[in-house]
Structure formats: C-alpha cells, structure tokens
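Each remark here refers to the structure printed beneath this line.
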Amino acid sequence: MDLTLWLGQSLAALAHRPDGVLAVAETVPALVDPVAAGPLQAGDWEFVAANADYLLGGTVLTVLLTVTSLVLGFLLGFPAGAIEVYGDGVLRTLVRKFGVVLRGTPIIVIMIFTYYVLPIEIPINAIVAVLTAVDAALGPTPFTVPTSVPDTFMAATLALGFRSAAYQSQIFRGALESIDEGQLAAARSIGMSRLEGIRHVVVPQALRRSVPGFQNEFTIVLKDTSIAFAIGLAELLKRSHDLFLQQTTAVLEIVLFMSLIYFVLTFAVNRTLDYGSNYFAIPGDSS
Numbered sequence: 001m002d003l004t005l006w007l008g009q010s011l012a013a014l015a016h017r018p019d020g021v022l023a024v025a026e027t028v029p030a031l032v033d034p035v036a037a038g039p040l041q042a043g044d045w046e047f048v049a050a051n052a053d054y055l056l057g058g059t060v061l062t063v064l065l066t067v068t069s070l071v072l073g074f075l076l077g078f079p080a081g082a083i084e085v086y087g088d089g090v091l092r093t094l095v096r097k098f099g100v101v102l103r104g105t106p107i108i109v110i111m112i113f114t115y116y117v118l119p120i121e122i123p124i125n126a127i128v129a130v131l132t133a134v135d136a137a138l139g140p141t142p143f144t145v146p147t148s149v150p151d152t153f154m155a156a157t158l159a160l161g162f163r164s165a166a167y168q169s170q171i172f173r174g175a176l177e178s179i180d181e182g183q184l185a186a187a188r189s190i191g192m193s194r195l196e197g198i199r200h201v202v203v204p205q206a207l208r209r210s211v212p213g214f215q216n217e218f219t220i221v222l223k224d225t226s227i228a229f230a231i232g233l234a235e236l237l238k239r240s241h242d243l244f245l246q247q248t249t250a251v252l253e254i255v256l257f258m259s260l261i262y263f264v265l266t267f268a269v270n271r272t273l274d275y276g277s278n279y280f281a282i283p284g285d286s287s
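Here our numbering is used: position 22 in the sequence shown is 22, and no number is missing along the way.
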C-alpha cells in the first residue's frame with residue numbers, strides 16, 4: 001500500500017469522521033502486515049507467466065552485457081597482468097595505479113561517470129565503424145551486423161569492462177607468477193627468446209590455472225549488470241522493476257522469478273567452466 005495514499009486517507013478519515021482515530025488504527029495493520037491487507041492474489045504468478053517473454057528479453061540483454069564486459073575485461077586485463085609481472089618502469093607503475101583506483105571505486109560511481117561524464121560518442125562511433133566494416137567484409141548474408149549501439153549499453157559495458165579488467169589483471173598476474181621460473185629458463189636454453197618463452201610456455205599454463213578465478217569474476221560481472229538499472233538500461237532488473245510497478249502485489253513472485261534466472265545463468269556457466277577446467281587441466285598439476 002502506498003504510504004502517501006495511506007496518509008491521505010488517514011487525514012481524510014480524521015477530518016470527516018468522529019471516530020477518525022479508529023479509522024487510522026484500522027489502516028495501520030494493512031500497512032505493516034501484508035497478511036492483514038488480505039492474501040496474495042492468485043493471479044500474481046499468472047501475471048509473471050504472461051510477462052515472462054518481457055523478462056527473458058531483459059535476460060538476453062543481461063547476457064550480452066556480461067559477455068561484452070568480460071571480453072573487454074580480458075582484452076585489457078590480461079596484458080595488464082603481464083605488464084605487472086614482466087614489465088617495468090612508468091608503464092608498470094601506471095597499470096598498477098589505474099588498477100588500484102578501479103578496484104577501489106564503487107561500480108555505480110564508475111558507471112555514472114562513463115554515462116554522464118565520458119564523451120561516449122567517441123567509442124560508440126568507433127564501434128559503429130568497426131561493425132560497419134565487418135558487415136561490408138561479410139558481404140550479403142542472412143544476418144545483419146548491428147551498427148547502432150545504445151548509449152546506456154555502451155556506458156555499462158565500459159564501466160563493467162574496465163572494472164573487470166582491474167580484477168582480471170590480478171587473476172592473470174597470480175596465474176603467471178605461479179609458473180615456475182625454471183620453465184622460462186628452460187625455454188631460453190633451447191633457443192627461445194624471452195617473449196617466445198612467455199608466449200609458448202608460460203601463458204598457456206597460466207590461462208589454464210586462471211579458470212577458477214575467472215569463474216568467480218563471471219559471477220560478479222553477471223550480478224553487477226543489475227547496476228545498469230541506475231542509468232536506465234532495460235536489463236533484467238530494470239524490466240522486473242517495470243513489472244512490479246504495474247502489479248504491486250506480484251513483487252515477491254517477480255523477484256523470485258528474476259532470482260531463478262540469475263541462478264540458472266550462474267549455475268550453467270560455472271558448470272561449463274568446471275568442465276573446461278578439468279578438460280584442459282595440466283596433467284599432473286596439483287596447484
């Protein structure tokens with residue numbers, strides 16, 4: 001029950017009824033105790049079922065946002081982790097400082113900054129140009145490469161991607177440092193350069209060892225996509241909010257359905273990554 005409406009009704013009762021105090025007292029249980037207001041409507045789950053396609057549309061957007069953010073995080077995070085391990089000088093210092101700032105800043109602050117402060121047109125125009133070039137290179141196909149990227153989606157991807165990069169850099173840094181230095185020395189002894197030894201000997205093993213940490217990062221990014229609600233992106237949480245504003249008695253049912261979707265996504269990907277981790281595990285590696 002809306003608090004403003006309740007206050008208005010209560011004041012009206014006090015003004016027009018001699019037993020107005022009793023009228024107010026009768027409305028209080030309905031405000032603080034849902035049971036006193038009546039049982040849950042039987043049609044609440046039917047309302048959720050009727051709008052399941054709307055929520056699933058938000059789920060698709062959530063998955064796309066998770067994937068683009070993780071890919072951006074990997075493309076930035078892996079080189080950053082390698083620079084922290086093998087780099088030196090100013091570049092290494094800058095990477096560490098940026099990582100500390102991004103990891104220490106709340107994701108909602110980063111997202112609001114990317115949407116309201118960052119000149120978002122520059123990365124959007126760059127992405128549109130790349131997608132247009134891909135579309136031209138593919139030639140006539142039954143699929144159309146999208147060339148219109150919403151500002152909210154772009155801002156959310158940049159915010160989640162940069163923050164994920166800061167955490168992924170630490171995942172990959174730890175994985176790279178876990179490889180025994182003797183392996184790089186052995187690669188050098190058979191004629192490989194330092195870069196070739198890192199690329200062909202260290203990196204493949206480090207990527208395998210980073211899978212457990214990446215699983216955790218996937219879960220975090222998936223759940224953090226809900227923060228895009230703050231800038232109006234119509235992902236799963238935003239669409240759930242739209243629905244329970246339409247039928248306030250179905251709040252619990254909508255939240256349960258939304259939570260089930262998040263659980264299914266997280267469980268499915270974690271099990272898939274578990275299988276991949278076991279399949280690509282280094283034989284005899286106990287670390």
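All residues carry an ideal CB built from backbone N, CA and C; glycine is no exception. The structure displayed is predicted, hence computed values, not measured ones.
Exposed unless 16 or more other CB atoms sit within 10 angstroms - verdict on Thr248: Start at 1 with the first residue of the sequence shown, and residue 248 comes out as number 248. Exposed, since its Cβ has fewer than 16 Cβ neighbours within 10 Å.
Return the residue from the list Gln215, Phe162, Ala82 and Tyr167 that minimises the CA-CA distance to Ala206. On the sequence shown, residue 206 is found 206 positions in, with the first residue counted as 1. The candidate whose alpha carbon is nearest that of Ala206 is Ala82.
Examine the Cβ distances between the segment 227–236 and the segment 152–164 and report whether three or more of them are shorter than 8 Å. Flag = yes, the segment 227–236 and the segment 152–164 touch.
Looking at Ala80: is its Cβ nearer than 9 Å to the Cβ of Gln215? Here residue 80 refers to the residue found at position 80 of the sequence shown. Here residue 215 refers to the residue found at position 215 of the sequence shown. No Cβ-Cβ contact shorter than 9 Å links Ala80 with Gln215.
Helix, strand or coil at Asn278 according to DSSP, with G and I counted as helix: Within the sequence shown, the letter at position 278 stands for residue 278. Correct three-state label for Asn278: helix.
Taking just the CA atoms, how far does Ile198 sit from Leu265? Stepping through the sequence shown from its first residue, residue 265 is reached at position 265. Stepping through the sequence shown from its first residue, residue 198 is reached at position 198. For Leu265 and Ile198, the gap between their C-alpha atoms comes out near 34 Å.
When you compare each of Ser164, Thr93 and Phe263 to Leu65 by their alpha carbons, which one comes out closest? Numbered from its first residue, the sequence shown carries residue 65 at position 65. Leu65 has its Cα closest to that of Ser164, out of Ser164, Thr93 and Phe263.
For the alpha helix (DSSP H) that Val101 lies in, which residues bound it at each end? Against the sequence shown, residue 101 aligns to sequence position 101. Run containing Val101: Gly89 to Gly104, per the alpha helix (DSSP H) assignment.
On a Cα-Cα basis, can you pick out the residue from Lys97, Ile220, Val109 and Asp151 that is closest to Pro119? By 1-based counting over the sequence shown, the position of residue 119 is 119. Of the listed residues, the one whose Cα sits closest to Pro119 is Asp151.
Starting from the Cα of Gly57, find the closest Cα among Arg92, Phe280, Gly276 and Ile261 and give me that residue. Residue numbering aside, residue 57 sits at position 57 when the sequence shown is read from its first letter. The candidate whose alpha carbon is nearest that of Gly57 is Ile261.
Should the segment 63–78 be regarded as contacting the segment 169–182, the criterion being three or more beta carbon pairs within less than 8 Å? Touching, yes.
Under a three-way DSSP split, which group does Gly124 fall into? Here residue 124 corresponds to residue number 124 of the sequence shown, with the count starting at 1. Note on identity: in this sequence residue 124 is Ile, with Gly being the wrong assignment. Looking at Ile124 - three-state DSSP - the assignment turns out to be helix.
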